[in-house]
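Visitor: I'd like to ask you about the structure that follows.
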Amino acid sequence: KQEVTQIPAALSVPEGENLVLNCSFTDSAIYNLQWFRQDPGKGLTSLLLIQSSQREQTSGRLNASLDKSSGRSTLYIAASQPGDSATYLCAVGVKNTGNQFYFGTGTSLTVIP
Amino acid sequence: DGGITQSPKYLFRKEGQNVTLSCEQNLNHDAMYWYRQDPGQGLRLIYYSQIVNDFQKGDIAEGYSVSREKKESFPLTVTSAQKNPTAFYLCASKRSGIYNEQFFGPGTRLTVL
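The following block contains the structure:
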């Protein structure tokens, strides 16, 4: 069974700092990997989707990379802002599971003004 | 506006009662999903449906039931057989095909009194 891990569980940085969030998965047989943001008590907002054949995707200050062979993805956030404070989750779309996604436990990010 | 709606936002249930959570989407997506989120844990899949009148169990289907009579709707019933139902429930949908991203509703918080 696919296991998805996100380290660290929590991260606190001063405003303006660049930061990297990590996601690792045990089975490289994936279709894609999706990064989400979740604010307290809210649903998930999709940030980036990387297909298994891609190495990275960019949207604004966000850049996500994927190394399928090593089972790792990173989410890079440039010039962090207090509004970036949220929990960030990654999810992998796994082959041979009928379109199922497996989620990590998330990294709680706090950007200090 | 296209999107996914979940109702109610908060739901309180007495022990022994069945309750139904609503999920509606107007994105014309074929696939719909129900997840459960507990503090400190990632999202866990309860049920998913890839087409009308068809659905499959996820990893934690015991004590839950679903129906998919319409493309737009995928209600989840939490039965009295679910021993620990207090959680945050999230509904998601995606276009058919393995390379498309998931979109989430705002969630329903269920509390057992």
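Chains as they are written, first to last, in the numbering used here: chain A, 1165 to 1277; chain B, 87 to 199.
Where a beta carbon is used, it is the ideal one built from N, C-alpha and C, also for glycine.
Taking C-beta to C-beta, are Thr106(B) and Thr163(B) nearer than 7 Å?
Guide: Yes, these two residues count as a Cβ contact at 7 Å.
Visitor: Whole angstroms are fine: how far does the CA of Ile184(B) sit from the CA of Cys177(B)?
Guide: Those two C-alpha atoms are separated by around 18 Å.
Visitor: How big is the Cα-Cα spacing for Tyr1195(A) and Pro1277(A)?
Guide: The alpha-carbon atoms of Tyr1195(A) and Pro1277(A) are separated by roughly 38 Å.
Visitor: Suppose you measure from the CA of Asn186(B) to the CA of Asn1182(A); what does that come to, to the nearest Å?
Guide: Taking the straight line joining both Cα atoms gives about 29 Å.
Visitor: Using a Cβ-Cβ cut-off of 6 Å (strictly less than) and excluding sequence neighbours within five positions of Arg181(B), which residues of its own chain qualify?
Guide: Excluding positions up to five away in sequence, the list reads His115.
Visitor: Figure out for me which residue from Cys1254(A), Val1258(A), Phe1267(A) has the closest Cα to the Cα of Leu1185(A).
Guide: Among Cys1254(A), Val1258(A), Phe1267(A), the Cα nearest to that of Leu1185(A) belongs to Cys1254(A).
Visitor: By the criterion of Cβ-Cβ separation under 9 Å, what are the contact partners of Asn1227(A) in chain B?
Guide: Here the premise fails: no neighbours, minimum Cβ distance about 17 Å.
Visitor: What in chain A is Cβ-close to Leu162(B), meaning under 8 Å?
Guide: Those do not exist, as Leu162(B) stays about 15 Å from chain A at its closest Cβ, beyond 8 Å.
Visitor: Going along the chain, which residues of its own chain have a beta-carbon closer than 7 Å to the beta-carbon of Gln123(B), five neighbours each way excluded?
Guide: Answer for Gln123(B): Leu129, Ala173, Phe174, Leu176, listed in chain order.
Visitor: Hey, which unbroken runs of the beta strand (DSSP E) at 3 residues or more fall wholly within the region 103-136 of chain B?
Guide: Those beta strand (DSSP E) runs which fall completely within the region 103-136 of chain B and span 3+ residues are 105-111, 117-123.
Visitor: For Gln188(B), which residues of its own chain have a beta-carbon under 8 Å away from its beta-carbon, when the five flanking residues on both sides are left out?
Guide: Cβ within range, chain order: Tyr119, Ala178, Ser179, Lys180.
Visitor: Please say whether Gln1202(A) and Leu1211(A) have beta carbons closer to each other than 7 Å?
Guide: No, the pair does not count as a contact, with Cβ atoms beyond the cut-off.
Visitor: Per DSSP, Gln1202(A) is paired with what?
Guide: DSSP output for Gln1202(A) lists Leu1208(A), Thr1251(A) as bridge partner(s).
Visitor: For Gly88(B), would you say it is in contact with chain A, using Cβ-to-Cβ distances shorter than 7 Å as the test?
Guide: Judged by the 7 Å Cβ criterion, Gly88(B) is not in contact with chain A.
Visitor: Out of curiosity, what's the CA-to-CA distance linking Asn170(B) and Lys1206(A)?
Guide: The alpha-carbon atoms of Asn170(B) and Lys1206(A) are separated by roughly 21 Å.
Visitor: Tell me the residue span of the beta strand (DSSP E) that contains Phe1189(A).
Guide: First-last of the beta strand (DSSP E) with Phe1189(A): 1183-1189.
Visitor: Under 7 Å between the Cβ atoms of Gly149(B) and Ala167(B)?
Guide: Contact flag set, yes.
Visitor: Taking Ser1192(A) as part of the beta strand (DSSP E), name the residues at either end of that continuous run.
Guide: No beta strand (DSSP E) holds Ser1192(A); DSSP gives it neither H nor E.
Visitor: Look up Lys1232(A) in the DSSP assignment and say whether it is helix, strand or coil.
Guide: Correct three-state label for Lys1232(A): helix.
Visitor: Counting contacts by CB-CB distance shorter than 7 Å, is Leu107(B) in contact with chain A?
Guide: For Leu107(B), the answer is no, since every Cβ of chain A falls outside 7 Å of its Cβ.
Visitor: Is the beta carbon of Tyr1266(A) sitting closer than 7 Å to the one on Val1258(A)?
Guide: Taking 7 Å as the Cβ cut-off, Tyr1266(A) and Val1258(A) qualify as a contacting pair.
Visitor: Between Phe98(B) and chain A, is there a C-beta pair that is closer than 7 Å?
Guide: Answer no: the Cβ-Cβ gap between Phe98(B) and chain A never drops below 7 Å.
Visitor: Suppose you measure from the CA of Ser1217(A) to the CA of Phe1200(A); what does that come to, to the nearest Å?
Guide: Spanning the two alpha carbons is a distance of roughly 20 Å.
Visitor: Mind listing which residues of the region 1209-1235 of chain A have their C-beta closer than 8 Å to chain B's C-betas, in chain order?
Guide: Listed in sequence order: Thr1209, Ser1210, Leu1213, Gln1215.
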